[in-house]
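Notes to accompany the following structure.
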Amino acid sequence: MTVDVPRRSAPGPAVAVPAADEAWIAAPRRDRQLARLAQLGRALRAPAVGIPAAVFLLVVLACFAGPALLGLPSPVTGDLADAMAPMGSPGHLLGTNELGNDVLSRLLHGGRVSIVVGLGATAISLAAGALLGVTAGFFGGFYETFVMRLFDTLLAFPGLILALVIADYLGPSLTNTTLAISLFGVSRFGRLAWSQTLTVRHRDFVTAARSDGAAAHRVIFGHILPNVLPPLLGFALFTIGTAMMIEAGLSYLGLGVPEPEPTWGNLIASGDAYLSSDPRLVVLPSMALFVTVLSLNLVADGLRGRLTEER
Numbered sequence: 001m002t003v004d005v006p007r008r009s010a011p012g013p014a015v016a017v018p019a020a021d022e023a024w025i026a027a028p029r030r031d032r033q034l035a036r037l038a039q040l041g042r043a044l045r046a047p048a049v050g051i052p053a054a055v056f057l058l059v060v061l062a063c064f065a066g067p068a069l070l071g072l073p074s075p076v077t078g079d080l081a082d083a084m085a086p087m088g089s090p091g092h093l094l095g096t097n098e099l100g101n102d103v104l105s106r107l108l109h110g111g112r113v114s115i116v117v118g119l120g121a122t123a124i125s126l127a128a129g130a131l132l133g134v135t136a137g138f139f140g141g142f143y144e145t146f147v148m149r150l151f152d153t154l155l156a157f158p159g160l161i162l163a164l165v166i167a168d169y170l171g172p173s174l175t176n177t178t179l180a181i182s183l184f185g186v187s188r189f190g191r192l193a194w195s196q197t198l199t200v201r202h203r204d205f206v207t208a209a210r211s212d213g214a215a216a217h218r219v220i221f222g223h224i225l226p227n228v229l230p231p232l233l234g235f236a237l238f239t240i241g242t243a244m245m246i247e248a249g250l251s252y253l254g255l256g257v258p259e260p261e262p263t264w265g266n267l268i269a270s271g272d273a274y275l276s277s278d279p280r281l282v283v284l285p286s287m288a289l290f291v292t293v294l295s296l297n298l299v300a301d302g303l304r305g306r307l308t309e310e311r
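Counting in full-length UniProt numbering, the final residue of the sequence shown is number 311, and the numbers go up one at a time with none missing.
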């Protein structure tokens, strides 16, 4: 669907716009960005959003700062003499695994890798999907049709199966796992950005900017994208959790981040053989993954409603 909006280089008759849209046009770009940050801050102050956000932040701080603060040993070196030490053993708060590696160290380092994969894959999906979706909705025509058929093609493949095929083809590594998972979200971010753009591009402030001869990139990045971004960010939090779950599945199958680098997925896989005799090797990383993904989903659900209400 396309809409022909007159363009002119010389000033013409003024376009009547509502006061709210007129204020948006008149505001400097920096003020628009600050307004969005203030909107996000108000949403985070709500208990339904702030509490799970604090939980996720604590998990991130524990994974990235905990090993250094606690003086934990390397997650990939251990003493076989200390193998399968129980929880509470001297020098090993959560005990050791079958190779004598400290479980707490591997749990925190594994969370670090899982979070990096989730954030990295989501960032790639968001950037690619938003760029394609917004430009498709803005320009329309054949380009829009081509991009939407591309999204439909990607959606036709189950996300986990697509990630499995790509990860198997590229080989197990941190970079390849991140790239494989990122393709899962491109079409989802793209369709959301496209649908939001179709609504925003008919707003009076966009019509006024285009009528005044503003360049396409200025309209997209200065007027459309700031209004499309809030729902995309809310969806991104859901996607981070989904990406972490897919990473865990790939690592469990041996197609994700390879050993000896720990991730929550391969920690669950390596502890599976000891599930009946020592379930902590599976329960601890499973609970860490569960709490992290749940907190992200609760934050995303709360932010989505509040950011949408204030748009």
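Backbone N, C-alpha and C define an ideal beta-carbon position, used for all residues, glycine too.
For the set G271, L303, P172, F138, the Cα lying nearest the Cα of N101 is the one of G271.
Annotation: the continuous alpha helix (DSSP H) that includes N176 extends over 174-200. L57 is classed as exposed because its beta carbon has fewer than 16 other beta carbons within 10 Å across all chains shown. Between V291 and V59, the CB-CB gap stays under 8 Å. Out of A85, R112, S114, the CA that lies nearest to the CA of V103 is found in A85. Taking a C-beta distance under 8 Å as the contact criterion, S187 and F151 qualify as a contact pair. Annotation: A300 to F238 spans about 6 Å, alpha carbon to alpha carbon. F138 places its beta carbon less than 8 Å from that of R201.
CA-to-CA, the gap between E259 and A269 works out to about 11 Å. Per DSSP, the continuous alpha helix (DSSP H) segment holding D204 begins and ends at 204-211. Between L255 and D168, the alpha-carbon positions lie close to 6 Å from each other.
Setting aside the 5 residues that flank it on each side, S295 is surrounded in the same chain by P52, V55, F56, each with a C-beta closer than 6 Å to its C-beta; the list follows chain order. In the structure shown, the three-state DSSP call for S295 is helix.
Where H217 is concerned, the enclosing alpha helix (DSSP H) starts and stops at 216-219. Boundaries of the alpha helix (DSSP H) around H109: 103-139.
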